[in-house]
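Number of protein chains: 2
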Amino acid sequence: MAANHPFDRLDELCRKTRSAVCVGLDPHDALMPPDTRGRGLLLQVRDYLHDVLDAIADVVPCVKPQIAFFEALGPDGYTLYFEIVRAAHRRGLFVVGDIKRGDIGTTAAGYAKGHLGPDDGSAVDAVTLNPYLGVDGIKPFLEVGRAKGRGVFVLARTSNPSGKEIQDVGAAGAGVEQSEGALYRRVGALLEQWGAACRGARGYSDVGAVVGATHPDEGALLRRELPHTWFLVPGYGAQGGTAADVARTFDAQGGGAIVNSSRAIVFAWKEQEKSGGAARCAELARAAAIATTEAIRAAVAARKVAK
Amino acid sequence: MAANHPFDRLDELCRKTRSAVCVGLDPHDALMPPDTRGRGLLLQVRDYLHDVLDAIADVVPCVKPQIAFFEALGPDGYTLYFEIVRAAHRRGLFVVGDIKRGDIGTTAAGYAKGHLGPDDGSAVDAVTLNPYLGVDGIKPFLEVGRAKGRGVFVLARTSNPSGKEIQDVGAAGAGVEQSEGALYRRVGALLEQWGAACRGARGYSDVGAVVGATHPDEGALLRRELPHTWFLVPGYGAQGGTAADVARTFDAQGGGAIVNSSRAIVFAWKEQEKSGGAARCAELARAAAIATTEAIRAAVAARKVAK
């Protein structure tokens, strides 16, 4: 099992690229480069994402297509999502499918079959899942994933402001000091339990957690409490999480976490220039991916020195 | 707004058909009628669901295609989901898209655009959503839905056993008597709040709740606590909920809830005979839909008399 453990593969790619950055592929229509060829949104998204994959494949370990932006484009967009997954695999990238599905029994098995099952390159290496239905909603994904060497990241502490409405339920009081009993910590404990049967070479299981960069104290607490759980960390940059914040979600060896950045990389061109074709925009995405990698690497290294 | 309130339309259809049954369209491959024409699973599913829609359209108000079973069939299955939604609308049915999406900001807006946005008949009348991210994950759907007269059903208390792992967090103790503070009750209170701005003719908002039939005491409690919230009640029959159980989720006028039954209706043929073509199987689905309607109608009426 460990030979094909999903997060062993991810770890190896992080070491090879010296990067812990996941590039979020969120093809938001309002942020696409100018459509100089006038062929319509779907083909524009398609070409631009292929350009971005070409530009970043050797500098980051991982991409995360967000399926919602593809579903927004209708059934053809959904088909494109799988084309982009295959294209990312051909370029050697680890692919997280950001699908946040959550259902039970044969229904969850249906999602697992569609997203973790295929053997033609269109299955992702890991999906994101929602824990609201408990282990019944996770198990069918682990059954398919463990047969195929694929994993899951389950929402624990999300990066958005209103996550607290739900994820703090059960806490003794406000703030991380009084978070004993809070739902997000309960979910974290369950993730350690659900993953215990499938740990890889460095001790991490195939059940990861989504832990938002915007809650650095909680991220650090979860890092201590969940020693066998990979973290996928959204919320860096645009949403307010700093490199020093996300550094706290890494383990003492500087591993066990991957930091997602979406629009600040893929749509870096928006901040920098208003002209230039899609190829130039993809080059700017590469530069942003490198800069993000370096900022995070420096912050993780600084934290190791400070310890 | 109220003239095109989604749950006013649903209520009207319930009265017209004298049924509070939602037929779940879960095209599970292992339950499909024998493929006498040998054209492969996708076309078999397509034809059978059209047959079922023809057979049930005048006896129930509502259908609920479960998108996971379509995603299991790959991108062509996803396309088929929208074809079935359009076909259900052409037959005058209220359509709940069981997609259980949950994400934030522009991501949630992407899902909302894809599932509640289209004007070509392929948008459902309501989607199911997951509350784990709080109001940030719901609002983008309400923005699209309120412009189009479409609604949402948010998971509160799910029907599966392990739902308790998560949904009971915060409760003072075990059982409904000690459920004060439990996540599912907190979610229920939020649904009343989120829907307050958009109530229809009978006082129900456009933010419904999913409340499993397998927890009848909790269902009855939520019915009392959430007077403006429509309930979508899964878990009837196969999962163990009885007609008397689900009757407790209806209001004093016998409205405000719809009971889902999936395989016991669509795949009724499995229990009854092993031969006969797809057309005969669809007839058995119609008979099961009528029998389910009558069982629930009788239980709701009995409860009104007993009060």
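Going line by line, the protein sequences match chains A and B. As numbered in the working numbering, residues 1 to 307 make up the first sequence, in order. As numbered in the working numbering, residues 308 to 614 make up the second sequence, in order. Here a beta-carbon is modelled for each residue, glycine too, at the ideal position from N, C-alpha and C.
Say whether chain B places a C-beta atom closer than 8 Å to the C-beta of residue i.
i: L116(A); result: no
i: R15(A); result: no
i: K164(A); result: yes
i: A2(A); result: At A2(A), the pLDDT of 41 sits below 50, so the modelled position is not reliable and the matter cannot be decided from this model.
i: R85(A); result: Position check: residue 85(A) holds Val in this sequence, whereas Arg was assumed. Not an interface residue.
i: R157(A); result: no
i: R46(A); result: no
Taking 8 Å as the threshold (C-beta atoms), are residue j and residue i in contact?
i: A572(B); j: V330(B); result: Per the sequence shown, the amino acid found at residue 572(B) is Ile instead of Ala. It is a contact, given that the beta carbons lie within the stated cut-off.
i: D315(B); j: A559(B); result: no
i: D98(A); j: I56(A); result: no
i: F538(B); j: V518(B); result: yes
i: L80(A); j: N467(B); result: no
i: A554(B); j: A606(B); result: yes
i: A108(A); j: F153(A); result: no
i: T17(A); j: V60(A); result: yes
i: D432(B); j: V403(B); result: yes
i: A478(B); j: S486(B); result: yes
i: G584(B); j: T343(B); result: yes
i: K407(B); j: G40(A); result: no
i: L155(A); j: F94(A); result: no
i: T600(B); j: S326(B); result: yes
i: T413(B); j: H28(A); result: yes
i: I473(B); j: D443(B); result: no
Using a C-beta to C-beta distance shorter than 7 Å, which residues of chain B count as neighbours of residue i?
i: D8(A); result: Those do not exist, as D8(A) stays about 28 Å from chain B at its closest Cβ, beyond 7 Å.
i: H28(A); result: T413
i: K304(A); result: Neighbours of K304(A) on chain B: none; closest Cβ ~32 Å, over 7 Å.
i: F82(A); result: P382
Starting from residue i, find everything on chain B with Cβ-Cβ shorter than 9 Å and list it in chain order.
i: F153(A); result: Within chain B, no residue comes near F153(A); the closest Cβ sits about 14 Å away, beyond 9 Å.
Got a sec? Which residues, its chain only, sit under 8 Å from residue i by beta carbon, not counting five neighbours each side?
i: V476(B); result: A489, L490
i: A287(A); result: A268
Answer with yes or no whether the minimum CB distance from residue i to chain A is below 8 Å.
i: G548(B); result: no
i: A439(B); result: The question names Ala, yet the displayed sequence has Tyr at residue 439(B). Yes, its Cβ sits closer than 8 Å to a Cβ of chain A.
i: A605(B); result: no
i: N536(B); result: Residue identity check: residue 536(B) is Thr in the sequence provided, not Asn. Chain A contact via Cβ: absent.
i: L497(B); result: yes
i: P468(B); result: yes
i: R493(B); result: yes
Along chain B, which residues have their Cβ under 8 Å away from the Cβ of residue i?
i: N260(A); result: In chain order: nothing, as chain B lies at least about 12 Å away.
i: Y111(A); result: A375, E378, A379
i: Y78(A); result: P382, Y385, T386
i: K100(A); result: R408, G409, D410, N437
Got a sec? Which residues, its chain only, sit under 7 Å from residue i by beta carbon, not counting five neighbours each side?
i: A87(A); result: H50, L53
i: H535(B); result: E499, G502, R506, G510, Y511, S512
i: A244(A); result: A299
i: A174(A); result: none
i: A289(A); result: V21, V23, I56, V59, V60, I265
i: L42(A); result: L73, D76, G77, L80
i: A238(A); result: R263, A264
List the whole-angstrom C-beta distance separating residue i from residue j, where the pair is believed to meet the contact cut-off of C-beta under 8 Å.
i: D264(B); j: F376(B); result: In the structure as shown, chain B begins at 308 and stops at 614. Residue 264(B) is therefore absent and cannot be evaluated.
i: Y385(B); j: Y78(A); result: 5 Å
i: P131(A); j: V187(A); result: 5 Å
i: G421(B); j: E71(A); result: 4 Å
i: L423(B); j: C369(B); result: That belief does not hold up - the Cβ atoms of L423(B) and C369(B) are roughly 16 Å apart, past 8 Å.
i: E225(A); j: R185(A); result: 7 Å
Who are the neighbours of residue i on chain A, taking C-beta pairs under 9 Å?
i: F557(B); result: The premise fails here: F557(B) is roughly 24 Å from chain A at the closest Cβ pair, so nothing lies under 9 Å.
Which same chain residues end up closer than 6 Å to residue i when comparing Cβ atoms and leaving out the 5 residues on each side of it in sequence?
i: E525(B); result: R464, V483
i: G547(B); result: T521
i: Y543(B); result: A520, V553, V566, S568
i: P523(B); result: D552, R555
i: K371(B); result: C329, G331, V403, D405, N567
i: A527(B); result: R555
i: A309(B); result: The pLDDT assigned to A309(B) is 41, lower than 50, so where the model puts this residue is not dependable; a value taken from the coordinates is nonetheless given after this. So the list reads G507, A508, once near-sequence residues are dropped.
i: C588(B); result: P340, W576
i: R353(B); result: L387
i: G121(A); result: R86, H89
Which residues in chain A sit within 7 Å of residue i, going by Cβ to Cβ distance?
i: K455(B); result: Correct list: empty, because the minimum Cβ distance to chain A is about 15 Å.
At 8 Å on the CB atoms, spell out the chain A contacts of residue i, in chain order.
i: L660(B); result: Absent from the model: residue 660(B). The displayed extent of chain B is 308 to 614, so no value can be given.
i: V442(B); result: S162, E165
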